[in-house]
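Novice: Input: one structure, supplied below.
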């Protein structure tokens with residue numbers, strides 16, 4: 071049991087270090103809409119969310135969308 075716990079802790083530490091190294095890169099996210107953004111429905115609301123992501127994260131994220 072002790073060896074399993076040590077192995078689990080070591081693996082968790084290694085994964086967290088790898089994730090920290092990648093955090094410096096710019097996050098890329100893309101939205102795919104089922105209809106036009108201008109119809110003020112589902113696609114419009116999701117695009118508003120995309121714009122809020124850009125506003126909140128600034129230079130840390132690059133977004134794109136496809137209608």
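Residue numbers (this note's numbering): 71 to 137. Backbone N, C-alpha and C define an ideal beta-carbon position, used for all residues, glycine too. Being a predicted model, the structure only gives us computed values, none of them experimental.
Quick check on residue 113: buried or exposed, where buried means 16 or more other Cβ atoms within 10 Å of its Cβ?
Specialist: As a first step, residue 113 must be located in the chain shown, where it is residue number 43. That one is buried.
Novice: Whole angstroms is fine: what's the gap from residue 110's alpha carbon to residue 102's?
Specialist: Working through the chain shown from its first residue, we reach residue 110 at position 40. Working through the chain shown from its first residue, we reach residue 102 at position 32. Whole-angstrom Cα-Cα distance: 16 angstroms.
Novice: So what's residue 135 in DSSP terms, helix, strand or just coil?
Specialist: Here residue 135 corresponds to residue number 65 of the chain shown, with the count starting at 1. Residue 135 falls in the strand class under three-state DSSP.
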